[in-house]
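Asks: Just dropping this structure here.
Protein chains: 2
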Amino acid sequence: MLDLPAASLVARGLPPEFQAQPPIARPPFSPRRLIAPGALIYTEGAERSSILRLKDGCVVLTQSLDGKRRQILDVIGPGRLFGLAHGKTNHCSAEACTYSEIEAVDPQRERLNVEDALLHSLKRAQKHATLLGRKTTMEKIAAAIADLALQFGRPGFVGSRRAETFHLYLTRSDLGDWLGLTIETVSRYLNQLKRGGIIDFSDPQIVSILDADKLAALAGGGAVDGTLCIA
Amino acid sequence: MLDLPAASLVARGLPPEFQAQPPIARPPFSPRRLIAPGALIYTEGAERSSILRLKDGCVVLTQSLDGKRRQILDVIGPGRLFGLAHGKTNHCSAEACTYSEIEAVDPQRERLNVEDALLHSLKRAQKHATLLGRKTTMEKIAAAIADLALQFGRPGFVGSRRAETFHLYLTRSDLGDWLGLTIETVSRYLNQLKRGGIIDFSDPQIVSILDADKLAALAGGGAVDGTLCIA
DNA sequence: CGCTAACTTGATAAGCTTCAAGTTCCGTGG
DNA sequence: CCACGGAACTTGAAGCTTATCAAGTTAGCG
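Chains R and A, in that order, are what the protein sequence lines are.
Start counting the first sequence at 1; every next residue gets the next number (my numbering).
Start counting the second sequence at 1001; every next residue gets the next number (my numbering).
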């Protein structure tokens, strides 16, 4: 991971090395770019960007409805490719949730990787649709946490107990836009899981999983795994 | 189109030429197959099928949750490819909604078509997620009708007035599973559109669009078009 | 030390689901 | 030929879940 400031400091400040970054791409195939939290990487409807690989950080893909309503289509963690689109324009916007590092991918050289990423994205999109259309609120929340733990988790401790922990780069509002819920509902259910001893967070952005089995059970059916998508 | 029986007869009977069809694929790359309504073309979790082209009819892709809840991921009309999956197994099941004709696609020979279909599927899946997560019930219903009209519509008449008409191969239950609603809600909103003079149906499976502009307006924002996906 | 942004929590209300009939349209069998 | 039965659809009433509205809290930052 990048050398990030302590968890609670990550929120919205812009250290000097990020302030100078222009929000939108410079000449194509600039090999690597650092992106500040909240910055747009590309924009829905604009001329299609190149295919990108997230080296580090967290990026969300979004679509917006009348400027007010927003849907997060996917949350992307380190290693994944994004920016795959059909026609001449992007289907969605891409936005960094934290300090992120991306690099352009050469579709010729990495044809297999691109194909793979495309199929993986489709699979995740399908799981996401099932979540949005047919899962209960608790299932949605649990599945989201399980998915983020897989993408961003690392071993950690709560007191002396081992518990997988991850940095929740998304705000409650982002989670709502991902799961088709409101801020308030997200907050209520997260705290319900916390009271139930299934997850823990003192800082609202640092989440630990205390009972992965129960979490998976709550995330509900569909496939073997309760997450949005594993394989 | 195939030579179908009159609209209202299409429902569930099995004419002789379909009764003999085994529901699941015979040896790979059998060039063409006829499928009866309700028949499974391939099954979620089973060994991956070949890539298929729908020559005629209507196919839905579904995922199921605990056997009770079902999500329809996409509704596929003539010309489109489906059966694109990631690992060794299918992500979803494919089911015919009416008498349908499919053929296997050779991914070598049709590489560009397959790539295109893949990107198109992803784009539709993303639009679908935005619909499920952030659109109102009326917007969902209107967008679904507009999408089906594009895929299945042809010029028709209501009385002496020209009105695009399409055969609704989906039941109310299917529509609910597509849009994340119940049968009853789908029925109520369809009838509301009918009372409002925006659509018409006397047979519940034959739908005419009386006011395409109002329908598009009701289908709500997102892109220029109100449908799930055009381009 | 107050300001703002994110988060939490409570009360109310709206919208959808659930439950329950009832209708229509076919196909079947007496 | 008509009565019966099933499947899809429609419609109404009641109940729940979640959205909305409204404070109130916490934590950085100027």
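We put the CB at the ideal spot given by N, CA and C, even for glycine.
Remember, it's a predicted structure, so these values are computed and weren't measured experimentally.
Less than 8 Å between CB atoms is the rule here; does Q1063/A satisfy it with respect to chain R?
Replies: Q1063/A counts as touching chain R.
Asks: With the cut-off set at 8 Å, would you say L73/R and L1118/A are in Cβ contact?
Replies: Cβ atoms of L73/R and L1118/A: not closer than 8 Å.
Asks: DSSP on S1173/A, reduced to helix/strand/coil?
Replies: Helix at S1173/A.
Asks: For the segment 1112 to 1125 of chain A, which residues have a CB atom closer than 7 Å to at least one CB atom of chain R, in sequence order?
Replies: Within the segment 1112 to 1125 of chain A, the residues whose Cβ lies closer than 7 Å to some Cβ of chain R are L1118, L1119, H1120, S1121, L1122, K1123, A1125, listed in chain order.
Asks: What residues of chain A sit near L73/R, judged by a beta carbon separation below 7 Å?
Replies: Per Cβ cutoff of 7 Å: Q1126, A1129.
Asks: So G1220/A contacts chain R; which residues on that side make the cut at Cβ distance below 8 Å?
Replies: Going along chain R in sequence order, the residues near G1220/A (Cβ under 8 Å) are L65, D66.
Asks: Just how far apart, CA to CA, sit G1038/A and D116/R?
Replies: Going from the Cα of G1038/A to the Cα of D116/R covers about 31 Å.
Asks: In chain R, what lies closer than 7 Å to R1248/A by C-beta?
Replies: Given a span of 1001 to 1231 for chain A in the structure shown, any question on residue 1248/A remains unanswerable.
Asks: Roughly how many whole angstroms lie between the Cα atoms of G83/R and L65/R?
Replies: Rounded to whole angstroms, G83/R to L65/R spans 20 Å at the Cα level.
Asks: So, is the C-beta of C58/R closer than 8 Å to a C-beta in chain A?
Replies: Taking Cβ atoms only, chain A never reaches closer than 8 Å to C58/R, which makes this a no.
Asks: Does the beta-carbon distance from G79/R to C58/R come in below 8 Å?
Replies: No, these two residues do not count as a Cβ contact at 8 Å.
Asks: From the beta carbon of A217/R, is the nearest beta carbon of chain A less than 8 Å away?
Replies: Answer no: the Cβ-Cβ gap between A217/R and chain A never drops below 8 Å.
Asks: Taking only three categories from DSSP, how would you classify E44/R?
Replies: Three-state DSSP puts E44/R in coil, outside helix and strand.
Asks: Could you tell me which chain A residues have their CB closer than 7 Å to the CB of G180/R, listed as they occur along the chain?
Replies: The answer, in chain order, is L1132, G1133, R1134.
Asks: Report all residues from its chain with a CB closer than 7 Å to the CB of S100/R; omit the five preceding and five following residues, and keep chain order.
Replies: Same-chain partners within the cutoff: I35, L54, D56, G57, C58, V59.
Asks: Whole angstroms are fine: how far does the CA of R48/R sit from the CA of G87/R?
Replies: Answer to the nearest angstrom: the Cα atoms are 8 Å apart.
Asks: From the DSSP output, in three-state form, read off E1164/A for me.
Replies: E1164/A: coil per DSSP, three-state reduction.
Asks: Verify whether the separation of the beta carbon atoms of A1149/A and A129/R is less than 8 Å.
Replies: No; because the gap between Cβ atoms is not below 8 Å, this pair is not in contact.
Asks: Closer than 7 Å: is that where the CB of A117/R sits relative to any heavy atom of the ligand PLP?
Replies: With respect to small molecules bound, the structure shown includes none, and the ligand PLP cannot be examined in it.
Asks: Quick check on DSSP: helix, strand or coil for L181/R?
Replies: Of the three classes helix, strand and coil, the one that applies to L181/R here is coil, per DSSP.
Asks: Could you have a look at D1225/A and say whether DSSP puts it in helix, strand or coil?
Replies: In this prediction, D1225/A has a pLDDT of 45, which is less than 50 and means its spatial position is unreliable; what the coordinates show is noted afterwards. DSSP places D1225/A in coil when its eight states are reduced to three.
Asks: Chain R beta carbons: is any one of them nearer than 8 Å to that of C1092/A?
Replies: Yes, C1092/A counts as interfacial toward chain R.
Asks: Report yes if the C-beta distance between C92/R and E44/R is below 8 Å; otherwise report no.
Replies: In this structure, E44/R lies closer than 8 Å to C92/R by Cβ.
Asks: Between which two residues does the beta strand (DSSP E) containing D1147/A stretch?
Replies: Taken as a continuous stretch (DSSP letters only), D1147/A belongs to no beta strand (DSSP E), being part of the alpha helix (DSSP H) at 1137 to 1152.
Asks: Does K1055/A come out as helix, strand or coil in the three-state DSSP assignment?
Replies: Here K1055/A sits in strand by DSSP.
Asks: For R70/R, name the three-state secondary structure that DSSP assigns.
Replies: Here R70/R sits in strand by DSSP.
Asks: Who are R1033/A's beta bridge partners in DSSP?
Replies: Answer is I1102/A, bridged to R1033/A.
Asks: In chain order, what residues of the same chain have a beta carbon less than 6 Å from the beta carbon of W1178/A, not counting five sequence neighbours either side?
Replies: Taken in chain order, the residues that qualify are I1072.
Asks: List the residues of chain A that L170/R touches, going by C-beta distances under 8 Å, in chain order.
Replies: What L170/R touches in chain A: nothing, since even the nearest Cβ is about 15 Å away.
Asks: Quick check on the DSSP output: what are the complete beta strand (DSSP E) runs of length 3 or more inside the segment 1184 to 1212 of chain A, in order along the chain?
Replies: Those beta strand (DSSP E) runs which fall completely within the segment 1184 to 1212 of chain A and span 3+ residues are 1206 to 1209.
Asks: Should the segment 163 to 175 of chain R be called in touch with the segment 1160 to 1179 of chain A, which here means at least 3 C-beta pairs below 8 Å?
Replies: No, they do not touch.
Asks: Are the beta-carbon atoms belonging to L210/R and I141/R less than 8 Å from one another?
Replies: Cβ distance not < 8 Å, so L210/R and I141/R don't count as in contact.
Asks: Name the two residues that bound the continuous alpha helix (DSSP H) containing A94/R.
Replies: From DSSP, A94/R is part of no alpha helix (DSSP H) but of the beta strand (DSSP E) over 93 to 96.
Asks: Under the three-state reduction of DSSP, which class applies to P1015/A: helix, strand or coil?
Replies: With a pLDDT of 38 at P1015/A, under the threshold of 50, the modelled position of this residue cannot be trusted; read the value that follows with caution. Coil.
Asks: Is the Cβ of A144/R closer than 8 Å to any Cβ of chain A?
Replies: So no, A144/R is outside the interface.
Asks: H1128/A lies in the alpha helix (DSSP H); which residues open and close that run?
Replies: H1128/A -> alpha helix (DSSP H) spans 1111 to 1134.
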